[in-house]
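In the numbering used here, the protein residues as written are 42 to 326. Glycine included, C-beta positions come from ideal geometry on N, C-alpha and C. Take a look at the structure below.
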């Protein structure tokens, strides 16, 4: 059975109508310095959503409003930048970029072989104001295992983070976005909400940084939750162009009038609510 997905207003999710395209100048700015690459298959993306707004705003390395401060995403064009599969050997580079552009992101971490292997990086994420949440312990598909095993996957991933930073995650991203009422019930009992996404670059199938940037700029709308991956592909079929795309994504969306916030800020004040499943923030204003 399909789990009903809600947005931050509490209403059942509806697909946003396209708004305006990113301006040509913003796109040119965003794509400067991006490289190319090849294609390979992986899991399918969830949903394509609206294009970015053309409203002008400061780009480049200008300051972003604090996601923990006075930003009200019901009245501001907010987006949340999220990373799956963290941490990796590339995470310090991602953190350097986010610090330079004054953006706070949400990292969905894997416990086994990731949090356990890079505890110092996880501590740095938290110290620099990013949200450290969980993608489970070992990326098992929760809808393909029984409730007891699913709960164990979630709690082991959650507890691995808590052991490092002293705070238990309250957000779960189910691997590959696959969830169900049974998984939602487990999360409700654990006091956790599930977070999917509304815009993805399918960066698992390409190393082309310019393509990754273009996809995100075209697919992101107000309240969008952006999915990127924080991992290395030794075969160079995917993932390896993501880090280089981040500056262009930030600059392009800022030029389109967007403010970057964490997922929790995006979902405030209505959420996140335990047991709920979110794919985006407040509906279009």
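For residue j and residue i, believed in contact at Cβ under 8 Å, the rounded distance
i	j	result
residue 205	residue 232	That belief does not hold up - the Cβ atoms of residue 205 and residue 232 are roughly 19 Å apart, past 8 Å.
residue 175	residue 199	5 Å
residue 266	residue 320	7 Å
residue 183	residue 241	At roughly 19 Å, the Cβ-Cβ gap does not stay under 8 Å, so residue 183 and residue 241 are not in contact.
residue 142	residue 291	5 Å
residue 135	residue 288	With a Cβ gap of about 11 Å, residue 135 and residue 288 do not count as contacting.
residue 298	residue 119	In fact, because the Cβ distance is near 11 Å, the residues do not count as touching under 8 Å.
Short Cβ contact (7 Å threshold) for residue i with residue j
i	j	result
residue 235	residue 228	yes
residue 223	residue 188	yes
residue 303	residue 172	yes
residue 322	residue 114	yes
residue 244	residue 129	no
residue 117	residue 248	no
residue 209	residue 203	yes
residue 309	residue 286	no
residue 294	residue 124	no
residue 213	residue 195	yes
residue 201	residue 144	no
residue 121	residue 237	no
residue 179	residue 148	no
residue 162	residue 132	yes
residue 225	residue 312	no
residue 279	residue 246	yes
DSSP beta-bridge partners of residue i
i	result
residue 265	120, 321
residue 213	175, 235
residue 127	150
residue 300	119
residue 168	DSSP lists no partner for residue 168.
residue 240	267
Residue i - containing alpha helix (DSSP H), residue span
i	result
residue 224	222-231
residue 234	It is not in any alpha helix (DSSP H) - residue 234 instead sits in the beta strand (DSSP E) that spans 234-236.
residue 305	304-308
residue 173	No alpha helix (DSSP H) holds residue 173; the beta strand (DSSP E) holding it covers 172-175.
residue 278	Unbroken run through residue 278: none, as it is neither H nor E.
residue 139	132-142
residue 258	250-260
residue 181	First-last for residue 181: undefined, no H or E at that position.
residue 247	Careful: residue 247 lies outside any alpha helix (DSSP H) and carries neither H nor E.
Boundaries of the beta strand (DSSP E) in which residue i is found, first to last residue
i	result
residue 190	Segment 188-206 is the alpha helix (DSSP H) holding residue 190; no beta strand (DSSP E) there.
residue 150	147-150
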